[in-house]
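Mapping to full-length UniProt numbering: the sequence shown position 139 is 139, numbers consecutive. Here a beta-carbon is modelled for each residue, glycine too, at the ideal position from N, C-alpha and C. Predicted model, so just to flag it, every value in this text is computed and none were measured. A quick write-up on the structure given underneath.
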Amino acid sequence: MNNDNNLPSAPNYEDVINNNKEDNYIDELSQLPDFSSTMNLRLNRTIDFLTEENKYFRDKINCLDDLLKQLKYQIISYKQMLLDKNVDKKDSVYCILCMDNNRNVLFKPCNHIVICDKCSGSTDLKECIICKSHIESYEYAYLV
C-alpha cells in the first residue's frame with residue numbers, strides 16, 4: 001500500500017520562480033519614486049545650468065551688438081570723410097569720430113593722432129584706426 005497521500009509534495013519550481021519574480025517587481029516598483037525624484041532633481045539642475053548659460057551668451061551677444069553699432073558708426077564716418085571732396089586741409093585737425101573737437105590723443109606706439117580726448121573717453125579702442133596696430137597707451141598731444 002502506497003502512502004503517498006501523507007507525504008509532503010515536492011515544491012513546484014515554476015511557482016517558486018514566479019513568486020520570486022513578483023517580489024523583485026514589487027521591490028523595483030517601490031524604488032521608482034526615489035529614482036523619479038533623483039531624475040527630476042538632475043533635470044532641474046540641468047535646466048538651471050542651461051538657463052544661466054543662455055543668459056551668459058545673450059549678454060555676450062548684446063555686447064557684440066553694441067560693438068557692431070559702434071564700428072558701423074565709425075565706418076560711416078570714414079566713408080563720409082572720403083566722399084566729401086570739399087574738405088579743407090584745416091578740417092583734417094578734427095577728430096575723425098565726432099568731427100567737432102580737435103584731435104589731441106596720440107596712440108602709442110604708432111604715434112597716430114586721429115581722435116579727441118572726449119571720444120577717447122567714450123570708446124575702448126584696442127587698435128589704431130589708421131594702421132590697425134595694437135594701442136599700448138594713449139597720450140595727449142595738442143596741435144598748434
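| Taking the continuous beta strand (DSSP E) assigned at residue 108, which residues delimit it? | To locate residue 108, count along the sequence shown from 1; it is residue 108. First-last of the beta strand (DSSP E) with residue 108: 105-108.
| From residue 51 to residue 60, what does the alpha carbon distance come to, in whole angstroms? | By one-based count along the sequence shown, residue 51 stands at place 51. By one-based count along the sequence shown, residue 60 stands at place 60. Going by the C-alpha atoms only, they are around 14 Å apart.
| query | Run through DSSP, which three-state label would residue 129 get? | reply | Sequence index remark: in the sequence shown, residue 129 carries index 129 (1-based). Residue 129 falls in the coil class under three-state DSSP.
| message | Does residue 94 come out as helix, strand or coil in the three-state DSSP assignment? | response | For the purposes of this step, residue 94 is taken as residue 94 along the sequence shown, with counting starting at 1. In this structure, residue 94 counts as strand in the three-state DSSP scheme.
| task | Output the boundary residues of the alpha helix (DSSP H) element that contains residue 119. | result | Numbered from 1 along the sequence shown, position 119 holds the residue referred to as residue 119. 117-122 is the span of the alpha helix (DSSP H), which, as asked, contains residue 119.
| Quick one: what's got a C-beta closer than 6 Å to residue 95's C-beta in the same chain, skipping five residues either side? | The residue labelled residue 95 in the question sits at position 95 within the sequence shown. Excluding residues within five positions, the ones whose Cβ falls inside 6 Å are 101, 103, 115, 116, 119.
| field | First through last residue of the beta strand (DSSP E) which encompasses residue 142 | value | Stepping through the sequence shown from its first residue, residue 142 is reached at position 142. Careful: residue 142 lies outside any beta strand (DSSP E) and carries neither H nor E.
| Using a Cβ-Cβ cut-off of 7 Å (strictly less than) and excluding sequence neighbours within five positions of residue 131, which residues of its own chain qualify? | One-based indexing of the sequence shown puts residue 131 at position 131. If we look at residue 131 and ignore the five residues flanking it on each side, its Cβ neighbours are 110, 112.
| message | Suppose you measure from the CA of residue 53 to the CA of residue 21; what does that come to, to the nearest Å? | response | Looking up residue 53 in the sequence shown gives position 53. Looking up residue 21 in the sequence shown gives position 21. Computed Cα separation, rounded: 46 Å.
| task | Measure the C-alpha to C-alpha separation of residue 74 and residue 99 and round it to an integer number of angstroms. | result | By one-based count along the sequence shown, residue 74 stands at place 74. By one-based count along the sequence shown, residue 99 stands at place 99. Their backbone Cα atoms lie some 11 Å apart in a straight line.
| said: As a quick exercise: from 140, 78, 43, 71, pick the residue whose alpha carbon is nearest that of residue 106. | reply: Here the question's residue 106 lines up with position 106 in the sequence shown. Closest by alpha carbon: 140.
| Does DSSP put residue 102 in a helix, a strand or coil? | Counted from its first residue, the sequence shown places residue 102 at position 102. DSSP, reduced to helix, strand and coil, places residue 102 within a strand of the structure shown.
| request: Compare the Cα-Cα distances from residue 71 to each of 127, 135, 46 and report the closest residue. | output: Translated into positions along the sequence shown, residue 71 becomes position 71. For residue 71, the nearest C-alpha among the options comes from 127.
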